[in-house]
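Here the structure is laid out as structure tokens; the discussion comes afterwards.
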Amino acid sequence: MALGTKKHARAMPKDVRRRVRSTGKRRRRVSILLALGTIFLLSALLRLGQLGTPFDAQPAIAFDPGMSPLGVAGPTAPIRAALDEVERLRAELADREAEIVERERAVDAAQILIEERLAALSATEDRLTALLALSDTAAETDIDRLTRVYETMEPDAAAPLFAQMETSFAAGFLSRMSPAASAALMSELDPQTAYAISVVLATRNAGAPRRDTAEDRAAETGD
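Using this note's numbering, you'd call the opening residue of the sequence shown number -1 and step up by one each time.
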């Protein structure tokens, strides 16, 4: 077979023999490149496996919610102190808030009590005002009735009673009586008593404001 092949190769033209040789060389070159690529790929896989071995060989650490994210052994002393201070401030703020709420409740209760007492005081004031008005009305009614009694009395019978009264008190009754009745009564009084009553009646409204008319101004100037 080998001799036949060699004879067959010798019988081929030279250009054909060159093509066959170049094709064989290219095939061998491709085979070598494929072999080298396969070796490099296997080497890379082995290296990756060796790099992953220490991490895979390490024991898994169970996560504890109480652990600090800074370390498995928990927070350090400064961090723990800061956390304790935060908790203390939070508790202090909660206490202050509760105290403020309690004070607000006390203020609301006091305000309600004050409003109730003010309402009671206002009701008492209204009742007192009504009683005073009733008293004034009753007193006014009694004075009017007594004035009518003095008017119907005989002047000589009423004169001794007025002589014993205080001057301003007697003048008050005489001012309420009709002019005819008061004149008849004044004529029965002692001249000194009648004069004192007249002075009170004349000066009672002396300080009251008057309407300034042209006639008043003419009387003052004598025109």
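Backbone N, C-alpha and C fix where the C-beta goes; we use that ideal spot for every residue, glycine too.
Do residue j and residue i come within 8 angstroms of each other at the CB atom, strictly closer than that value?
i: Glu149; j: Met175; result: yes
i: Ala157; j: Leu187; result: yes
i: Arg182; j: Pro153; result: Note that residue 182 is Ala in the sequence shown, not Arg. Yes, they are a contact pair.
i: Thr165; j: Ile141; result: no
i: Thr191; j: Ala155; result: no
i: Phe167; j: Thr145; result: no
Give the secondary structure of residue i by DSSP, where H, G and I count as helix, E and B as strand, and everything else as coil.
i: Glu152; result: coil
i: Thr122; result: helix
i: Thr74; result: coil
Within its chain, find whatever has a CB closer than 8 angstroms to the CB of residue i; leave out the 5 residues flanking it on each side and keep chain order.
i: Arg202; result: Ala169 and Ser173
Can you give me the Cβ contacts of residue i inside the same chain, cut-off strictly under 7 angstroms, excluding the 5 residues immediately before and after it?
i: Glu114; result: none
i: Glu143; result: Sequence inspection shows Arg at residue 143; the Glu mentioned does not correspond to that position. Cβ neighbours of Arg143 beyond the five flanking positions: none.
Looking at the ligand FMN, does it come within less than 7 angstroms of residue i, judged from the CB to the closest heavy atom?
i: Pro177; result: In the structure on display, the ligand FMN does not appear, and there are no ligands present to speak of.
* Asked: What are the uninterrupted segments assigned as alpha helix (DSSP H) that are 4 or more residues long and contained completely in the segment 151 to 201, given in chain order?
  -> 153 to 162, 165 to 174, 177 to 186 and 189 to 201
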